[in-house]
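Notes follow the structure.
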Ligand code: NAD
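Residue numbers (our numbering): 1 to 471.
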């Protein structure tokens, strides 16, 4: 069994001062597959000191130098694509459809940040002022387990592009991926201290990053509850924050939709990343006039979803990441029944033929009411609620009646009508008829789905402070 013993500070692999060992699991088998030695507050402080030391030189670099470094990081990450795939399967269990995307995103993030930089103007004239966009300083990035490697790389790429240096606290549950990322990026040979990686507990290393006076900004992806804790801690020193938090995204099926044509997009958005996706479309709003036609087709489509071994390319839904997550999803399936929703397919327990591993049954509840707790709270598993509505106005009201506002989906045979509905939805992104991701467009949430935006120019500017010089 492997023990991962090192963190990455000032361009070198070092043994942390912290000595707690944390078990790593394979969620498909429940077996312990390794241990990781966790960093502590002293390690967090050493990482911050290294990033602070590297800041003056890096913040003085120009576009060309930053773009060259981003390309080197891309090439280095891409060279370890196969190893990253293996790590994601082993410790997270992502199904093949998601897996390739996640692993490719890690490398691709560096190219996307370089592309943003190519055309970005750091200087502009506004009236009599010369305005310059200046790097914020040391940025702390904190990532979740549901796409650890790609979040490490995308947060790091944006900060580096802006002229900042970085300290990173990856999810402690994703140490195999972090190890591949650290080894890969080391080969790029970039300036020492530009980025530093300390795996550790959230309430230890994450808390130190969120409160240390030498950290100028925290960029966090994770739960809304932890986002609140970080925001409180960061306020003491007025750190800038980007918080990418939870969601309970609506899929609004309009009454003119071609049900057969949209079903793959509906099921795909509902069960993406085995349902462990902040942007999963888990509230499916269906016109009462089409319900009788829709439910049997949805049931058949979901019963065709294949749950199981993530190594099998035919698998659509893999295991939940941990026993805790498995039990949490089971709890919500029980709750939905207690709340009076109708179980259409799925339910409690493991899928037939799977007697171990943290697999759950893809589950649909019909007759759901938007006030039920299982409809309002983020489950983070393959459990969808079908909510009936009478009129389009009511659908928009239900879609917006949520604490969240990360993403939404509109499905219709009339794209202009779908656009009019999209304009009234309170969410950072609205996808019409299964439209694909756009990497340069802003990503982030309204309301309790977060603060700020990542990606493209919006993400870059969130790592800089505008300074007006008047002569
Ligand atoms: P989490 O909030 O439990 O943990 C995320 C990270 O925060 C981990 O690295 C953890 O160690 C750290 N952390 C925990 N306590 C901390 C503290 N007190 N101070 C600083 N850091 C701390 O989230 P998770 O369970 O890893 O991920 C699932 C959640 O992430 C879901 O709610 C999901 O919606 C959200 N998520 C959001 C997005 C998005 O872009 N909006 C993307 C993916 C996941």
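Beta carbons: idealized from backbone N, C-alpha and C, even for Gly.
Distance, Cα to Cα, residue i vs residue j?
i           : j           : result
residue 224 : residue 156 : 22 Å
residue 221 : residue 206 : 12 Å
residue 450 : residue 83  : 32 Å
residue 28  : residue 368 : 31 Å
residue 311 : residue 121 : 45 Å
residue 77  : residue 60  : 25 Å
residue 227 : residue 294 : 37 Å
residue 189 : residue 197 : 15 Å
residue 248 : residue 384 : 10 Å
residue 262 : residue 49  : 52 Å
residue 257 : residue 128 : 53 Å
residue 6   : residue 75  : 23 Å
residue 10  : residue 17  : 15 Å
Just mark residue i as buried or exposed, buried being the case when its beta carbon has 16 or more other beta carbons within 10 Å.
i           : result
residue 289 : exposed
residue 217 : buried
residue 353 : exposed
residue 304 : exposed
residue 236 : exposed
residue 431 : buried
residue 470 : exposed
residue 464 : buried
residue 252 : buried
residue 280 : buried
residue 415 : exposed
residue 124 : exposed
Spatial neighbours of residue i within its chain, please: CB distance less than 7 Å, with the 5 preceding and 5 following residues excluded, ordered by chain position.
i           : result
residue 58  : 163, 165, 191 and 194
residue 457 : 116 and 120
residue 351 : 307, 359 and 361
residue 426 : 400, 405, 446 and 447
residue 472 : Residue 472 cannot be examined here, being either before or after the span of the chain that is shown, 1 to 471.
Starting from the C-beta of residue i, find all residues in its chain whose C-beta is less than 6 Å away, skip the five residues before and the five after it, and write them out in chain order.
i           : result
residue 396 : 424
residue 452 : 242, 444 and 462
residue 168 : 141, 152 and 197
Measuring CA to CA, which of the options is closest to residue i?
i           : options               : result
residue 115 : 459, 413, 370 and 448 : 459
residue 365 : 291, 111 and 260      : 291
residue 455 : 470, 439 and 463      : 439
residue 331 : 349, 314, 340 and 342 : 349
residue 343 : 418, 296 and 266      : 296
residue 1   : 20, 32, 179 and 16    : 32
residue 15  : 178, 43 and 183       : 43
residue 64  : 325, 181, 24 and 113  : 113
residue 244 : 91, 407 and 324       : 407
Closer than 8 Å by C-beta to residue i: which residues in its own chain qualify, once you throw out the five before and the five after it? Chain order, please.
i           : result
residue 274 : 93, 94, 95, 98, 317, 318, 319, 320, 381 and 382
residue 172 : 22, 36, 38, 199, 200, 201 and 202
residue 387 : 283, 284, 285, 286, 368, 369, 370, 375 and 398
residue 72  : 188, 189 and 190
residue 379 : 275, 282, 328, 329 and 332
Can you find a heavy atom of the ligand MN that lies under 7 Å from the Cβ of residue i?
i           : result
residue 145 : In terms of ligand content, the structure shown lacks the ligand MN and carries the ligand NAD instead.
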